[in-house]
Structures are given as C-alpha cells and as structure tokens.
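Residue numbers (the numbering used here), protein chains in the order written: chain A, 82 to 313; chain B, 82 to 313.
Where is the CB? At the ideal position from N, CA and C, for every residue including glycine.
Data block below; observations after.
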DNA sequence: CGCGGCTTTGAGATACTTCAAGAGAGGTGG
DNA sequence: CCACCTCTCTTGAAGTATCTCAAAGCCGCG
C-alpha cells in the first residue's frame with residue numbers, strides 16, 4: 082500500500098520512525114498534511130488543545146505572553162519535531178510559523194488514542210519530551226542569570242548548531258554561516274531583551290570582528306572561540 | 082505478599098499508582114528507600130545519570146549553574162514527584178535536598194528496563210514530563226519578561242498553591258499562611274534576582290500590608306487580590 | 001553571653017530600557 | 001529604472017530598575 086509517509090522527508094527522524102508499515106498506514110489515516118504560511122498561528126495559548134502535529138518543513142515558535150502584551154518565546158520547532166499537547170485539555174503555548182511550514186496534523190483525541198495503543202510511539206514521545214524539558218531548563222539559566230552579551234553569544238552558538246541542514250548531508254558540525262528565521266524583535270523575545278539591545282549587541286560583535294552580518298538575517302561566525310568565551 | 086509500597090505515603094499519587102500489586106512487588110525489588118539530609122546533593126549536573134527516584138517526603142531543588150558560580154534553580158520537587166533522567170546518559174541538573182527528604186531510588190538501568198516493559202508506567206511518566214515542560218516554559222516568561230516585583234508576587238502565589246499539605250486533608254485550595262523551604266538566597270536563585278533585591282521586595286510587600294512575615298521563613302498572604310495584581 | 005550565618009538596609013554604580021530620530025532595505029507603482 | 005513608501009533596524013541620549021559594595025541588625029545556638 083502506498084501512503085504519504087513513504088515519501089516523508091522526516092520519516093526517519095520524527096516520532097513515527099518507530100512505527101512499522103502497518104502502523105504507519107493506520108496513523109496516516111487519521112492525519113493530514115497542512116501548509117502554514119509565515120506568520121500564521123497554528124494554535125493559541127489557553128485555547129483547548131485540539132491538534133497535535135509533526136513538523137515536516139519550516140521553523141515555528143512556541144510563545145507565551147503576559148496580559149499586557151509582553152511576549153516570551155519558549156521554544157523553537159524544527160522539522161521532525163513534535164508540536165502540541167497530547168493528553169491534556171489546554172494548549173499552554175501559542176504556536177506560530179516563522180517561515181512557510183508544512184506540518185502533519187492530527188486531531189488530538191485521535192492521536193491520543195493511537196498513542197495509547199502503541200507504546201513504542203509513546204516511548205519515543207517520552208524521550209523527546211525529556212530532552213525538551215532539559216533544553217527548557219537549560220534556557221532558564223540563560224534567562225535568569227546571564228548578561229545581555231552572554232545571552233546573545235549563547236544564542237548565536239546555539240543557532241549555529243541547530244540550523245544545520247537536516248537534509249541528506251552527513252552531520253557536518255556547527256555552521257559558520259547561517260540565515261536566522263527571526264527578525265530582531267523575535268531574537269529579543271527569545272532572550273528576554275529589548276530590540277534595541279539586541280541590535281546594539283550584534284553591532285558590537287560585528288565591530289569587534291567576532292561575527293559578520295552580510296544581510297539582515299544572515300550571520301557569519303568569524304571567531305567562534307571568542308564568541309564561546311563571551312557566552313559566559 | 083507484604084512490601085514497603087503497601088504503606089507508602091505517596092502510593093496513590095506517584096507514578097507507581099498505575100501499577101497493580103504484582104508489578105509493584107517487582108518494582109519494589111529493584112528500589113530502595115533512602116534518607117537525604119537537608120543540603121545534601123543526590124545527583125550532580127553533568128555527571129552520568131545513575132539514579133532515578135520517587136520523592137516520598139521533603140522538598141528538593143533542581144539547579145544548573147554557570148562556570149563562574151552563578152546558579153539558577155530550574156525546578157522544585159515535592160512528595161510524589163519523580164526525579165532523575167531516565168533513558169539518558171547524563172543528569173542535566175543538580176538535585177539537592179532543601180529539607181530532610183526520603184526518596185525511593187532505583188538504578189537508572191533497572192528502572193529503564195522496568196519502564197519499557199510497563200507501558201502504563203511510561204504513560205504516566207510521559208504525562209508528568211509534559212506537565213513539567215509546560216511549567217518550565219511558563220517559568221521562562223517570568224524569568225525573561227517580568228519585573229522583580231512581578232516575579233516575587235508570582236512566586237509567593239505559586240508557593241501558596243504548591244505547598245498545600247498533600248496529606249489526608251481534602252484539597253483546601255491555596256494557603257494563606259505557609260513556611261517556605263527556602264532561604265533568601267534560594268528565592269533569588271529561583272527568580273533570577275539578587276538576595277538584596279529579594280529582601281527589599283519582601284519588606285516592601287510587608288510594609289504595604291500585602292503580606293506578613295511572622296518569621297524568617299514564614300509568609301502570610303493578607304491581600305491576595307493585590308498580590309495577584311502585582312504579579313503582572 | 002558571644003559567635004557565625006542569614007537578613008536587612010543604605011548609598012552609589014551600571015546594565016539595560018525607554019524614548020526619539022534617522023538610516024537602510026525591500027517592495028510597488030509610475 | 002527610479003521615486004516613493006513602509007517596515008525593520010540602528011544609533012543616540014536620558015532614565016531607571018536592579019545590582020554591587022559595605023555595614024549593621026537579627027537570631028538561633030553552643
């Protein structure tokens with residue numbers, strides 16, 4: 082039987098990788114592919130959790146905000162990552178596409194039921210969730226205890242590691258040049274800073290010869306060791 | 082057969098609650114109870130993850146730090162909570178007892194193997210991990226975007242909800258008076274502030290009549306609505 | 001009573017924000 | 001192809017929340 086998953090670009094990296102063909106057929110039946118344009122929101126904080134999804138392509142952000150409009154980005158989602166809140170009634174974060182994105186969506190109830198019948202899938206999801214929890218807690222150190230420059234340096238280093246093309250190329254280590262899927266305000270919302278501070282820090286790093294900024298969203302790391310040093 | 086779990090105080094709230102008697106006997110065989118005195122550390126960040134545990138009694142903190150000694154508390158662990166990093170080689174946080182604590186510990190390898198054979202246990206663990214992840218991400222908003230006073234007010238409100246005696250008393254809602262398991266420096270390490278700022282904020286809240294501080298570690302909330310308002 | 005650790009309070013320093021313009025980039029239409 | 005517009009980003013100057021440094025107060029405990 083031929084199904085969409087056969088040609089799925091994240092087939093071997095998403096949580097689905099633990100499923101055999103029959104199981105994949107069953108999962109495929111309850112899901113569908115959806116395209117989201119940049120800036121569009123897939124689910125809202127506080128809304129009831131109706132959907133979960135696998136990311137096929139693109140980058141999305143998870144964010145929370147205060148009543149008066151301050152925003153904090155709490156997670157960045159890449160291809161093969163899972164989004165949504167299974168086994169829970171409410172979505173706790175807003176999910177918004179930063180680039181055009183393709184996701185494989187499931188009604189939460191359907192997915193929950195399927196997962197409960199497939200322990201291997203739940204196990205994979207558990208592993209991912211544990212990793213995400215470690216990552217979130219590590220980010221709390223950055224938010225709570227690092228200076229603005231340390232935050233920025235840490236951020237650039239993390240991006241150089243995470244934005245590696247997840248394509249066919251064998252793992253080539255961190256990139257020395259990459260295009261951010263964020264504008265300055267979004268970097269500020271990730272680091273808990275203001276847009277002006279972000280701009281000043283980037284200019285300073287550029288003037289110090291640590292990085293180069295070929296265009297608005299491109300970054301080239303010229304002196305990784307120094308950047309590392311500034312990350313605290 | 083009589084086992085320790087029969088009289089376990091968290092029997093119905095810890096992840097073990099999904100196990101039947103036979104399973105509990107098996108799990109009991111690979112675990113043992115251990116007492117930790119206040120201030121003692123159970124596992125260290127970066128060390129390999131040898132243990133996992135259920136908390137029976139007491140309060141512990143999860144923390145990470147920078148090389149130069151700055152610390153951020155990233156989680157607080159109460160009775161019936163699970164600690165450690167199953168299915169992963171390294172502990173990502175340091176776990177330290179804040180009060181004298183009793184925990185039910187397992188060698189990580191033993192626990193991993195047991196969990197893989199008991200999907201219901203993994204499911205329960207997944208649910209907990211998802212909840213913890215939501216909590217951690219919510220805390221990121223506090224760390225990144227809230228003012229010192231907003232942080233303190235949010236903290237006091239959260240404590241009044243989480244420190245509810247988990248004993249036999251039916252759920253009685255948030256406490257208006259409680260004893261913190263933290264000193265001032267630890268509150269600072271939770272909120273990403275300095276000890277002096279923490280002290281000043283508490284005295285201000287007291288002078289404003291919003292709270293009372295009967296002793297060093299006791300807090301009484303006098304005007305919950307105002308505290309809520311100051312939490313942002 | 002006196003000692004040591006924790007906490008409070010004060011005064012001054014500063015990192016980051018806020019407010020306010022100006023410059024640059026990218027897109028659109030003439 | 002250039003002029004224009006808008007949106008984002010940069011830069012500057014001033015303000016302020018929080019930190020740092022320093023000293024004194026409190027409290028439990030031997």
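A distance below 8 Å separates the beta carbons of residue 99/B and residue 202/B.
With its beta carbon less than 8 Å from one in chain B, residue 166/A belongs to the interface. Proximity of chain A to residue 313/B at the Cβ level (cut-off 9 Å) is accounted for by 147, 148, 149, 151, in chain order.
Using a Cβ-Cβ cut-off of 8 Å, residue 215/B counts as an interface residue toward chain A, since at least one Cβ of chain A sits closer than that to its own.
Taking 8 Å as the CB threshold, residue 155/B lines the interface with chain A. Restricting attention to 235/B, 157/B, 190/B, 185/B, the CA atom closest to the CA of residue 170/B is found in 190/B. Using beta-carbon distances, residue 200/B counts as an interface residue toward chain A, with a partner under 8 Å. In the three-state reduction of the DSSP assignment, residue 156/A falls in the strand class. Counting along the chain, residue 224/B sits inside the alpha helix (DSSP H) bounded by residues 200-226.
Between the region 207-214 of chain A and the region 198-214 of chain B there are three or more C-beta pairs closer than 8 Å, enough to call the two in contact.
A residue is called buried once 16 or more other Cβ atoms fall within 10 Å of its Cβ, and residue 145/A is buried on that count. Of all C-beta pairs linking the region 173-180 of chain A to the region 211-222 of chain A, fewer than three are shorter than 8 Å, placing the two stretches out of contact. DSSP, reduced to helix, strand and coil, places residue 185/B within a strand of the structure shown. Under the three-state reduction of DSSP output, residue 238/B falls in the helix class. If you check each beta-carbon in the region 219-232 of chain B against every beta-carbon of chain A, the ones closer than 9 Å belong to 219, 220, 221, 222, 223, 224, 225, 226, 227, 231.
Sixteen is the threshold: since fewer than 16 other Cβ atoms of the shown chains lie within 10 Å of the Cβ of residue 294/A, the residue is exposed. The alpha carbon of residue 150/B has as its nearest neighbour, out of 227/A, 263/A, 309/A, the alpha carbon of 227/A. Contacts with chain A at 8 Å (Cβ-Cβ) include residue 204/B.
Looking at the DSSP output, residue 299/A shares a beta bridge with 260/A. Rounded to the nearest angstrom, the Cβ distance from residue 183/A to residue 116/A is 5 Å, consistent with a contact under 8 Å.
Counting along the chain, residue 135/A sits inside the beta strand (DSSP E) bounded by residues 132-138. Contact annotation for residue 211/A against chain B: 166, 167, 168, 169, 210 [CB-CB distance below 8 Å, chain order].
In the DSSP assignment, residue 265/A falls within the unbroken alpha helix (DSSP H) covering 265-272. Contacts with chain B at 8 Å (Cβ-Cβ) include residue 273/A. Per DSSP, the unbroken alpha helix (DSSP H) holding residue 279/A starts and ends at 276-288. With respect to the C-alpha of residue 258/B, the residue from 122/B, 244/B, 265/B having the closest C-alpha is 244/B. In terms of beta-carbon proximity, residue 207/B lines the interface with chain A, with at least one pair separated by less than 8 Å. Going by C-alpha positions, residue 311/B is about 15 Å away from residue 281/B.
Residue 146/A is bridged by DSSP to 152/A. Excluding residues up to 5 positions away in sequence, 291 lie with their Cβ nearer than 7 Å to the Cβ of residue 307/B in the same chain. Using a CB distance cut-off of 8 Å, residue 110/A does not count as an interface residue toward chain B. Think of a sphere of 8 Å around the beta carbon of residue 197/B: the chain A residues whose beta carbon falls inside it are 204, in chain order.
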